[in-house]
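Line order of the protein sequences matches chains W and R.
Going by my numbering, the first residue of the first sequence is number 13, and it counts up by one from there.
Going by my numbering, the first residue of the second sequence is number -7, and it counts up by one from there.
Backbone N, C-alpha and C define an ideal beta-carbon position, used for all residues, glycine too.
Notes to accompany the following structure.
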Amino acid sequence: MLEIKNLQVRVDDQLILKGIDLKVNAGEVHAIMGPNGSGKSTLARVLSGHPEYEATTGEVLYEGRDLLDMDPDERARDGVFMAFQYPVEIAGVNNAYFLKAALNAKRKHLGLEELDAMEFMQLIKEKAKLLDIDQNMLSRAVNEGFSGGEKKRNEIFQMTLLEPKLAILDETDSGLDIDALKTVATGVNAMRTPERAFIVVTHYQRLLDYIIPDFVHVLSQGRIVKSGGKELALELERKGYGWLEAAAEPVKA
Amino acid sequence: MTQLADKLQPWIAAVEERPQGGPRWLQELRDRGAARFSALGFPTTRDEEWRYTSVSAIASTEFRLAAQGRFTSAELEGFVYTDAATRLVIVDGHFSPELSRTSGLPAGTRFGSLASAVVEEGDAVARFLGQLAEFGSRGFSALNTAFLNDGAFVKIPDGVVLDVPLQVVFVSTGNSSSMSAPRMSHPRLLLIAGERSQSRVIETYVGVGDNAYFTNAVTEVVVGENAVVDHYKVQEDGSQAFHVASMHVHAARSATFSSHSFTLGAKLTRNDVFAVLDGEGAECTLNGLYLADGDRLVDNHTTIDHAKAHCPSHEIYKGILGGKARAVFNGKIIVRQDAQKTDAKQTNRALLLTDDAVINTKPQLEIFADDVKCTHGAAIGQLDDDALFYLQARGLTFFEARDLLIHAFAGEILDRVQVEPLKQALESELYAQLARDLAELDAA
């Protein structure tokens, strides 16, 4: 589904990702872990098409297409979804209205009929229960005045509505209490199917107790320095990130 | 306020030919207006209050007082914003009984021509007309006063609650022949809301065609004790029009006055609002939304004068500027020594769609009491990039995302309009204008 080859990414003239290779197949959950500044959020953002993240070298193939050549909205409509680390507050735009616009943009792209207000509210009702989204959150402006937990739940709620093929969760667990974390994990696990892939970016192992990954990759200083199964996350939890720093140092000739 | 005397000369000559007749107090009022105007002339950019707005284009044009032009009820249709047929239509400064609909109002309610009210209700009119709209230091108000002749008179008796909105439409028919001098009118609206009364009043200014004309309007609003007045001003003057207007509000104890100003037209717009909260517990809301493109200029000056204690005031002005448009916002809040427990909140926001659009904004707080809460904030800028990206990351195209954000920006003011047909008309007019501006932007 996704193939990243020697991806290098520059932000503000600084090379953050220094050559990433990663292959994600349908049905897989990949966790990307790493210390602060290792480049894990940069990877998530460049995949979603954030304009400030510029890929200088390498390529990313999504279902065989050049992902980096697609506009962010095109990626979204084609099934790439990123749950934001810091969801944006949008004053004056009603959350339900926004969700409907996003869903219909995708349906239109897929050649499906757009949902009317009634059909949409019916759909929302079903999905809202799972993530503990109440009417109040739907009628307020997008993320405005939402608590940290509400914002993250709203992200996952959007994911369940938009049913992406590839979901990227950028530190969705950061700042969540254990109940909110469980709610979010339940939402994600309900979405796991053989057709859908996840990239879960996280700083902490804790999330991976609830969303069990198939693969864990450790990022340090812009490179994947170690890959393994879910047990790698536990190893990181025990040892911390310190021991990785040495591994990330480029070998000097 | 000095200027080349020869430039003012035609104006002084015009003022000499001001309307005559009527009761003595009215003639005296006109005379005083004329004398003040001759002394003051027009403001220049050396005046602090007019620093960013030059009116030399008005001063140097020889406008002629407009005779009542032709305007049909079919033409009027597009500008009537209420379901109910309660409207006054003033064409080129003259009341039009044919186009106006004033029946079915509660007994004692006056809704008609100012000129007739001067005759029929001289005392009530004399008591307030020209009393709020101070013209001692204001050239435009002095000029309007000198030309005082007709306009609209609205009087709501004590305790009357009007469930239909009252609309006053000021029409400028412009000048059909390009050979003759451009026209001017000096319309006046006097609104007296009795104690405990409740009303909604819509002032609409519209123009026909693309000719230059000059509208110099003055509105006086007296809000009695415990009265509620919900006021709207919609300005859709022609693209070459000059629109200068001032509104003067006096709010008595526990009165509630709110005004929503929508500026969609004219080449040059200057709106002054003066609201005096002159009784404990009086509350004032001033909201505004303006749209400017091309080389248009929109200048909003507001003053809220907290004269007594326990008065809250709320103010939000928002502008959307494209092309090389310019805007000015100056929001003055005065808190007098006696006005303890004042709670004043002012917000000014502008969205600049192009690099060439400019806004000059200034909050001005003059606080003489010590136990008060006054906040003000200004935010000027482009659309929020993070919000744009967020929407795009959910599948909306750049253009869809941008339009959604701009509509949301305007929506905050539009949503406060309590007259549903007016709100819908404003939405469609505003969005249509925005769509044209944005299409132009995208083509560039």
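Count the other CB atoms within 10 Å of the CB of residue i; is the residue buried (16 or more) or exposed (fewer)?
i: N296(W); result: Residue coverage of chain W in this structure runs from 13 to 265, which leaves residue 296(W) outside it and unanswerable.
i: A59(R); result: exposed
i: M3(W); result: No answer is possible for residue 3(W): the residues shown for chain W start at 13 and end at 265.
i: R38(R); result: exposed
i: N201(W); result: exposed
i: T(-6)(R); result: Because the pLDDT of T(-6)(R) is 49, which lies under 50, any placement of that residue in the model is unreliable, and the number read from its coordinates should be weighed accordingly. Answer is exposed; the Cβ neighbour count stays below 16.
i: I180(W); result: buried
i: F145(R); result: buried
i: D195(R); result: For the sequence presented, residue 195(R) should be read as Glu rather than Asp. It is buried - the Cβ of E195(R) has at least 16 other Cβ atoms within 10 Å.
i: G143(R); result: buried
i: N148(W); result: exposed
i: V221(R); result: buried
i: K238(W); result: buried
i: A27(R); result: exposed
i: M130(W); result: exposed
i: I326(R); result: buried
i: T195(W); result: buried
Tell me whether residue i sits in a helix, a strand or coil according to DSSP, three-state version.
i: I326(R); result: strand
i: A371(R); result: strand
i: S129(R); result: coil
i: L72(R); result: According to the sequence displayed, residue 72(R) carries Val and not Leu. Note: V72(R) maps to coil in three-state DSSP.
i: F139(R); result: coil
i: G403(R); result: helix
i: K333(R); result: coil
i: Q356(R); result: strand
i: P304(R); result: strand
i: V196(W); result: helix
i: E41(R); result: helix
i: F63(R); result: coil
i: N201(W); result: helix
i: L289(R); result: strand
i: T196(R); result: strand
i: K415(R); result: helix
i: I32(W); result: strand
i: E421(R); result: helix
i: E243(W); result: helix
i: F391(R); result: helix
i: A209(W); result: strand
i: D377(R); result: helix
i: G280(R); result: strand
i: A233(R); result: coil
i: Y382(R); result: helix
Closest by CA to residue i, which one among the options?
i: G373(R); options: K310(R), K337(R) and V265(R); result: K310(R)
i: D285(R); options: E272(R), V193(R), H306(R) and K259(R); result: K259(R)
i: L375(R); options: S52(R), I398(R) and K365(R); result: I398(R)
i: A31(R); options: I50(R), R10(R), L57(R) and Q1(R); result: Q1(R)
i: L313(R); options: L281(R), A331(R) and S420(R); result: L281(R)
i: S88(R); options: C276(R), P179(R), T277(R) and L283(R); result: P179(R)
i: N166(W); options: E40(W), K177(W) and K139(W); result: K139(W)
i: E419(R); options: V350(R), L283(R) and L97(R); result: L283(R)
i: V105(W); options: T389(R), P157(R) and L383(R); result: L383(R)
i: V154(W); options: F110(W), Q134(W) and M133(W); result: F110(W)
i: G437(R); options: D363(R), A361(R), A336(R) and E217(R); result: A question about residue 437(R) goes unanswered here, because the residues of chain R that appear run from -7 up to 436.
i: A204(R); options: A243(R), S177(R) and V350(R); result: S177(R)
i: A99(R); options: K147(R), L80(R), F120(R) and V117(R); result: K147(R)
i: A209(R); options: A417(R), G273(R), I82(R) and G186(R); result: I82(R)
i: K333(R); options: D362(R), A349(R), L406(R) and S105(R); result: D362(R)
i: A113(W); options: V153(R), E392(R) and L422(R); result: E392(R)
i: F120(R); options: P304(R), L18(R) and S164(R); result: L18(R)
Cβ closer than 7 angstroms: which chain A residues qualify as neighbours of residue i?
i: D78(W); result: Reference to chain A is not applicable here, since the protein chains of this structure are W and R.
At 3 residues or longer, what runs of the beta strand (DSSP E) sit wholly inside the segment 132 to 193 of chain W?
Listed in chain order, they are 178 to 182.
Could you tell me whether the segment 98 to 116 of chain R touches the segment 64 to 75 of chain R, where touching means 3 or more Cβ pairs closer than 8 angstroms?
They do not touch, by the three-pair rule.
So does the segment 294 to 310 of chain R actually touch the segment 410 to 424 of chain R, counting three or more Cβ pairs closer than 8 angstroms?
In this structure the segment 294 to 310 of chain R does not touch the segment 410 to 424 of chain R; the number of beta carbon pairs closer than 8 angstroms is below three.
Okay, do the segment 188 to 205 of chain W and the segment 155 to 162 of chain W touch, 3+ Cβ pairs below 8 angstroms being the bar?
The answer is yes - the segment 155 to 162 of chain W touches the segment 188 to 205 of chain W, with three or more Cβ pairs under 8 angstroms.
Residue ranges of each alpha helix (DSSP H) within the segment 71 to 138 of chain W, 4 or longer:
With a minimum length of 4 residues, the continuous alpha helix (DSSP H) runs that stay inside the segment 71 to 138 of chain W are 84 to 89 and 107 to 121.
Along the chain, which unbroken stretches of the alpha helix (DSSP H) at least 4 residues long are found entirely within the segment 70 to 129 of chain R?
Those alpha helix (DSSP H) runs which fall completely within the segment 70 to 129 of chain R and span 4+ residues are 106 to 112 and 114 to 120.
Please go through the segment 7 to 32 of chain R and give each complete alpha helix (DSSP H) segment of 4 or more residues, from N-terminal end onward.
Every alpha helix (DSSP H) stretch that sits fully inside the segment 7 to 32 of chain R and reaches 4 residues is listed by chain position as 16 to 32.
Touch test, the segment 85 to 105 of chain W against the segment 13 to 31 of chain R, Cβ-Cβ under 8 angstroms, three pairs minimum:
Verdict: no, contact absent.
The segment 40 to 47 of chain R in contact with the segment 225 to 232 of chain R per 3-pair CB rule at 8 angstroms
No, the segment 40 to 47 of chain R is not in contact with the segment 225 to 232 of chain R.
Counting Cβ pairs closer than 8 angstroms, one from the segment 62 to 77 of chain W and one from the segment 16 to 30 of chain W, do we hit at least three?
Contact holds: three or more Cβ-Cβ distances are below 8 angstroms.
The segment 70 to 84 of chain W / the segment 243 to 250 of chain W touching (three or more Cβ pairs under 8 angstroms)
With the cut-off at 8 angstroms, the segment 70 to 84 of chain W and the segment 243 to 250 of chain W do not touch.
Indicate whether the contact test is met: 3 or more Cβ pairs, each with one atom in the segment 10 to 17 of chain R and one in the segment 127 to 140 of chain R, closer than 8 angstroms.
In short, these stretches touch, since the Cβ pair count reaches three.
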